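Participant: Sharing a structure with you now.
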């Protein structure tokens with residue numbers, strides 16, 4: 001998928017946290033929002049620790065979420081949490097992402113984690 005280009009890879013141990021709305025019907029959703037914000041900080045920390053550097057231009061991401069609970073949140077919310085966390089770390093803004101994939105996999109308790117791969121896309125297909 002990355003065609004031999006430089007790929008940044010890292011693992012965020014522990015149960016992944018999906019993106020949440022910061023407010024609900026005009027009220028701040030304190031506990032879930034705090035968990036989400038803490039998770040975003042952890043993702044950024046693990047990325048920096050793994051040597052992730054900011055990429056200029058179009059970016060591709062692959063995220064594999066390992067969860068012990070079959071009824072865990074929507075896959076896209078896990079991807080959003082991680083891609084939002086990587087703003088100003090792996091790229092200036094997640095609008096640079098032109099290709100992405102989020103995979104949810106079941107695992108045993110104690111093995112929950114998120115595996116993240118990020119790389120620069122050399123060419124973006126043009127329409128017309």
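In the working numbering, the protein residues as written are 1 to 128.
The beta carbon of each residue, even a glycine, is placed where N, CA and C say it ideally should be.
Remember, predicted model here, so these are calculated numbers, not experimental data.
Helix, strand or coil: how does DSSP classify residue 80 here?
Facilitator: The answer is helix: DSSP assigns residue 80 an H, G or I state.
Participant: Would you mind working out which of 36, 91, 117 sits nearest residue 73, comparing C-alpha positions?
Facilitator: Per the Cα distances, 36.
Participant: Put residue 68 into one of helix, strand or coil per three-state DSSP.
Facilitator: In the structure shown, residue 68 sits in coil (DSSP, three-state: anything other than H, G, I, E or B).
Participant: Pull up the distance between the alpha-carbon of residue 21 and that of residue 121, whole angstroms please.
Facilitator: Residue 21 and residue 121: Cα-Cα distance of roughly 30 Å.
Participant: Could you check the C-alpha separation between residue 49 and residue 89 for me, to the nearest Å?
Facilitator: So the two alpha carbons sit approximately 11 Å from each other.
Participant: What's the call for residue 11, buried or exposed, on a 16-neighbour Cβ count within 10 Å?
Facilitator: The residue in question, residue 11, is exposed, as its Cβ has fewer than 16 Cβ neighbours within 10 Å.
Participant: If you check the beta carbons only, do residue 43 and residue 118 fall under 8 Å apart?
Facilitator: Cβ atoms of residue 43 and residue 118: not closer than 8 Å.
Participant: State the Cα-Cα distance for the pair residue 41 and residue 123, rounded to the nearest angstrom.
Facilitator: Rounded to whole angstroms, residue 41 to residue 123 spans 31 Å at the Cα level.
Participant: Short of 7 Å in beta carbon distance, which residues of its chain neighbour residue 76, apart from the five on each side in sequence? Order them along the chain.
Facilitator: For residue 76, where only same-chain residues beyond five positions count, the Cβ hits under 7 Å are 102.
Participant: Report all residues from its chain with a CB closer than 7 Å to the CB of residue 39; omit the five preceding and five following residues, and keep chain order.
Facilitator: These residues qualify, in order along the chain: 17, 81.
Participant: Less than 8 Å between the beta carbons of residue 97 and residue 52, yes or no?
Facilitator: The answer is no: Cβ separation not under 8 Å.
Participant: Where does residue 99 sit, in a helix, a strand or coil, going by DSSP?
Facilitator: In the structure shown, residue 99 sits in a strand (DSSP, three-state: E or B).
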